[in-house]
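Report on the structure given below.
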Amino acid sequence: MREEMRSFGYLCPSCKKTVLAARSVFALEAAGAEVECGCGGSALRAVFDGERYQIQVPCGLCGETHTARCTSAQVLESASALACSRTKQFCCFIGPEGTVEKNLRELAVLAEKEQRGDSEAFLDSVIMYEILSELRDIAARPGGLSCGCGSPNVRIEVRRSAVDLICADCGAKLRVPAATDRDLDDLCCRIKLVLPGRP
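For the sequence shown, position 156 matches number 202 in my numbering, and the numbering has no gaps at all.
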């Protein structure tokens with residue numbers, strides 16, 4: 047019987063190359079994992095305490111190391127993504143190799159745009175305008191844009207690589223990434239957007 051594998055992927059903050067490695071589920075349950083970049087400048091570490099995995103992720107977007115706690119199911123069964131706390135973009139992927147590889151390619155494109163476009167108002171102006179156009183279309187539909195608290199009053203704040211939707215009544219926020227083709231594809235699938243709402 048073929049051993050079940052899980053892939054880990056991140057962008058090295060030192061050399062800016064993507065790092066992808068697979069580990070067996072058996073090894074992950076027994077001893078966690080360490081995935082080091084070939085340049086030696088960074089390493090992702092996953093430690094299992096019997097209940098949860100503590101994962102230290104070198105972040106190629108902000109240069110820091112983030113720590114996340116994940117359930118066993120998130121690491122061993124589903125496809126998971128961990129976000130950079132500063133940029134709010136995904137910086138680490140765990141799951142089947144094909145899924146992780148695809149997401150890593152998107153991450154590399156995002157990081158390259160971030161490096162190149164310091165003088166631009168938006169990370170990718172074309173994607174941003176398309177995202178804003180999609181949001182206008184969603185808002186024009188009856189009940190297209192609303193908040194879980196019941197309020198229909200949602201305002202928009204445009205960032206460099208995302209659009210924040212904020213409820214004018216309860217202050218709940220929903221961030222819509224606006225930097226890559228994938229961000230646009232994800233939004234195009236949505237008929238309506240509902241903010242989480244605050245009690």
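Even glycine gets a Cβ: it sits at the ideal position worked out from N, Cα and C.
One thing to note: Leu-220 has its Cβ no nearer than 8 Å to the Cβ of Leu-233. Looking at the backbone, the Cα of Ala-186 and that of Val-103 are separated by about 40 Å. CA-CA distance, Asp-227 to Leu-150, rounds to 14 Å. Nearest to Gln-161 by alpha-carbon distance, out of Cys-138, Gly-194 and Ala-225, is Ala-225. Cα atoms of Gly-194 and Phe-136: separation of roughly 25 Å, rounded to the nearest angstrom.
Counting C-beta atoms within 10 angstroms of its own C-beta, Thr-133 has 16 or more neighbours from the protein chains shown and is therefore classed as buried. Excluding its 5 nearest sequence neighbours in each direction, Asp-229 has C-beta neighbours in its own chain below 6 Å: Pro-223, listed in chain order. By DSSP's assignment, Cys-193 forms a beta bridge with Leu-241. By the Cβ test, the segment 170-186 is not in contact with the segment 112-127, since fewer than three Cβ pairs between them sit closer than 8 Å. The beta-carbon distance between Pro-242 and Ala-218, rounded to whole angstroms, is 5 Å. This is short enough to meet the 8 Å contact definition.
Per DSSP, the unbroken alpha helix (DSSP H) holding Leu-233 starts and ends at 227-234. Judged by DSSP in its simplified three-state form, Lys-62 adopts coil rather than helix or strand.
By the 16-neighbour rule on beta-carbons within 10 angstroms, Tyr-56 is buried. Per DSSP, Ala-186 is one residue of the alpha helix (DSSP H) stretching across 171-186.
Counting C-beta atoms within 10 angstroms of its own C-beta, Gly-189 has fewer than 16 neighbours from the protein chains shown and is therefore classed as exposed. Nearest C-alpha to Leu-122 among Leu-153, Ala-157, Ser-179 and Ala-79: Ala-79.
Per DSSP, the continuous beta strand (DSSP E) segment holding Phe-54 begins and ends at 51-57.
In the three-state reduction of the DSSP assignment, Glu-110 falls in the coil class, being assigned neither a helical nor a strand state.
In the DSSP annotation of this structure, the continuous segment of the beta strand (DSSP E) that includes Gln-100 starts and ends at 98-104. Nearest neighbour of Arg-182 by Cα position, chosen from Arg-205, Ala-157, Glu-158 and Val-209, turns out to be Val-209. Looking at Ile-177, Ser-60 and Thr-145, the one whose alpha-carbon comes closest to that of Leu-90 is Ser-60.
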